[in-house]
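These notes concern the structure reproduced below.
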Amino acid sequence: SIVTITLPLGSIFIGPLMDRYGRKQMCIITTLPFLLAWVLHAFATNVWFIYIARIIAGFSGGLTTVSIVYVSEIAHPKFRPMLLSLNSVFVTFGILLTCVFGFWFNWRLMSQIFFGVVLLSCLGLYFIPESPYWLVVFKNDHIASSKALRWIYSDEATHEEAFKRILESKRNATCDNNDVNETSAFIRLKRSFESYKDPTVWKPVII
29 SIVTITLPLG SIFIGPLMDR YGRKQMCIIT TLPFLLAWVL HAFATNVWFI YIARIIAGFS
89 GGLTTVSIVY VSEIAHPKFR PMLLSLNSVF VTFGILLTCV FGFWFNWRLM SQIFFGVVLL
149 SCLGLYFIPE SPYWLVVFKN DHIASSKALR WIYSDEATHE EAFKRILESK RNATCDNNDV
209 NETSAFIRLK RSFESYKDPT VWKPVII
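Numbering (this note's numbering), first residue to last: 29 to 235.
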């Protein structure tokens, strides 16, 4: 239950962070507290270490929202619904896998196994491109965005179509990036939290 309580905290903070530092970088950073949580869990000497590990794991779980945003930004519209729904599938599969492993392994060994899984994920994330959408909208780097799209879509027609969609999204964006860049980090963070007062934000949150 500790994981469930702390998970929303990570979800709240990840929005401003992934807009500022990028989807890929935050995906990598998100794995670090997970690694710490599994280390604390595996070598816990008393129950308080487990409590702390679960708090960190819950907060980190909320941060993983960035992966859903990343997938939604790189996926072709035709396959986006299917790919996004796989998030729930793999979460459920992970819970099932934990229960199955529990028949053969003790909890310390399981923690070490999951540490290895997260470590492999962290290393693998270094080889994926940054979100082309983020590169255009938040960094105004069209060259890097086109290169990232080339890694995702080898077909020239699909590449051009995706790049046009990103440029159109940028034109329709309501925020002024120049104003954002000139504003202090504190003000940007404050505005991010104030956005939760907007009905277009809090109503979907409630739903």
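Idealized CB from N, CA, C, for every residue including glycine.
Please read all numbers here as calculations on a predicted model, not as lab measurements.
Worksheet item: Given 8 Å as the limit, is there contact between the segment 69-79 and the segment 108-122, that is, 3 or more CB pairs closer than that?
Response: no
Worksheet entry | Sequence-distant residues of the same chain with beta carbon closer than 6 Å to Glu210, five excluded per side | Here Glu210 scores only 49 on pLDDT, less than 50, and its place in the model is too uncertain to base an answer on.
Discussion item. Between Val97, Ser39, Leu124, Cys127, which has its C-alpha nearest Ser113's C-alpha?
Written reply: Val97
Fill in: Cβ neighbours of His187 in the same chain (closer than 7 Å, five flanking residues each side left out)
Leu177, Arg178, Tyr181.
Discussion item. Quick test of your reading: Ile56 and Cys150, contact by CB under 8 Å. State the CB separation rounded to the nearest angstrom.
Written reply: Separation of the CB atoms of Ile56 and Cys150 is rounded to 6 Å, and the pair is thereby assigned contact status at 8 Å.
Worksheet item: In terms of alpha-carbon separation, which member of Arg82, Val165, Phe87, Met46 lies closest to Val94?
Response: Met46
Worksheet item: By Cβ distance below 6 Å, which residues in the same chain neighbour Leu91 in space, the five residues on each side in sequence not counted?
Response: Gly38, Ile42, Thr58
Worksheet entry | N-terminal and C-terminal residue of the alpha helix (DSSP H) that Val90 is part of | Looking at the sequence provided, one finds Gly at residue 90 rather than Val. Taken as a continuous stretch (DSSP letters only), the alpha helix (DSSP H) holding Gly90 covers 75-91.
Worksheet item: Which same chain residues, not among the five before or five after Trp135, have their C-beta less than 8 Å away from its C-beta?
Response: A distance below 8 Å between beta-carbons, with the five flanking residues on each side excluded, links Trp135 to the following residues of its chain, in chain order: His69.
Item to complete: Please state whether DSSP places Pro227 in a helix, a strand or coil.
Response: helix
Discussion item. Short of 6 Å in beta carbon distance, which residues of its chain neighbour Gln140, apart from the five on each side in sequence? Order them along the chain.
Written reply: Ala70
Practice prompt. Find the nearest neighbour of Gly144 within the set Lys192, Val99, Phe62, judged by alpha-carbon distance.
Written response: Phe62
Item to complete: Kindly indicate which three-state DSSP category Glu158 falls into: helix, strand or coil?
Response: coil
Practice prompt. Work out the CA separation of Leu35 and Ser88 for me, nearest whole Å.
Written response: So the two alpha carbons sit approximately 7 Å from each other.
Worksheet item: Nearest-angstrom Cα distance between Leu60 and Met54?
Response: 10 Å
Worksheet item: DSSP three-state call for Gly144: helix, strand or coil?
Response: helix
Worksheet entry | Secondary structure of Asp47, DSSP reduced to three states | Here Asp47 sits in helix by DSSP.
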